């Protein structure tokens, strides 16, 4: 009788493991044929946050490239707003920064992408601030859901205790009507965050975490 119960328990556990594996495998399929736009923040004349010779724009681009590669293996069509160290401003623009941001917003909107993510690094005068966080604008009703899910992934995988936040002051994101968000994946002003963000393995982890957030969002979407 004991052997019979043991056999039933083993069979149940095998079925449970098999179900979990299949479910995880099926969830990754939600990214197939999705159009994703990745915006590596800053570039060119605008390096973003700085610490000595470390430039935000360079780390943003590296994470974006890793994310692009991961999403493409899942069957997504992925575009970047920039593929190198340059901005998108038009020649002789009076306000180069605003020109750059306007063009980014326009190409993302015209793409009719299923989601966009703008990748940035944070910086503060105090070195104690740390952790990744998600920002959203309520211009699209899906943005809050995406930000909440992404922040949960940041907490689980990147040990971030920060919270997702609504903002309507960012020039770029209040002009993008496609679903998406801005992520600040760490503080360049924090020694520990800075060290991690410079590591190729951690950049890869950040990219994986963002992709996991996308998988969760599209898995829940009707």
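Numbering (the working numbering), first residue to last: 50 to 271. Glycine included, each C-beta is placed from N, C-alpha and C at the ideal position. This structure is a prediction, so every number in the text was calculated from the model and none was measured.
Using beta carbons (cut-off 7 angstroms, strictly below), is residue i in contact with chain C?
i	result
residue 183	The structure shown contains no chain C, having only a single protein chain.
Which same chain residues, not among the five before or five after residue i, have their C-beta less than 8 angstroms away from its C-beta?
i	result
residue 97	90, 91, 104, 105, 106, 109, 169, 170
residue 72	For residue 72, the predicted model reports a pLDDT of 41, less than 50, meaning its position is unreliable and no value from the coordinates is stated.
Give every residue of the same chain whose Cβ lies closer than 6 angstroms to the Cβ of residue i, excluding the five residues on either side of it in the sequence, and list them in chain order.
i	result
residue 234	181, 255
residue 191	228
residue 145	138
residue 183	196, 199, 200, 213, 230, 232
residue 262	198, 199, 202
residue 176	238, 239
residue 165	86, 157, 227, 229
residue 224	154
Round the Cβ separation of residue i and residue j to the nearest angstrom and send it over; I've been treating them as touching at under 8 angstroms.
i	j	result
residue 129	residue 87	5 angstroms
residue 179	residue 242	5 angstroms
residue 172	residue 236	6 angstroms
residue 220	residue 147	7 angstroms
In this structure, how does DSSP classify residue i when only helix, strand and coil are distinguished?
i	result
residue 241	helix
residue 104	strand
residue 124	coil
residue 262	helix
residue 99	strand
residue 246	helix
residue 253	helix
residue 273	Residue 273 lies beyond the stretch modelled for the chain, which goes from 50 to 271, so this question has no answer here.
Here's the rule: buried if 16 or more other CB atoms are within 10 angstroms of the residue's CB, otherwise exposed. What is residue i?
i	result
residue 153	buried
residue 149	buried
residue 185	buried
residue 112	buried
residue 208	exposed
residue 167	buried
residue 116	buried
residue 187	exposed
residue 135	exposed
residue 244	exposed
residue 250	exposed
residue 70	Because the pLDDT of residue 70 is 41, which lies under 50, any placement of that residue in the model is unreliable, and the question is left without a value.
residue 246	buried
Taking 7 angstroms as the limit between beta carbons, can you name the residues of its chain near residue i, skipping five residues before and five after?
i	result
residue 80	120, 123, 124, 125, 263, 264, 267
residue 162	84, 85, 86, 227
residue 156	130
residue 82	124
residue 258	202, 203, 206, 207
Any heavy atom of the ligand ZN within a distance shorter than 6 angstroms of the CB on residue i?
i	result
residue 171	The ligand ZN is not among the ligands present in this structure, which contains no ligands whatsoever.
Taking the runs of the alpha helix (DSSP H) that are 4 residues or longer, which of them lie wholly in the region 142 to 168? 145 to 160
Go through the region 168 to 241 residue by residue and report every complete run of the alpha helix (DSSP H) that reaches 4 residues or more, in order. 192 to 207
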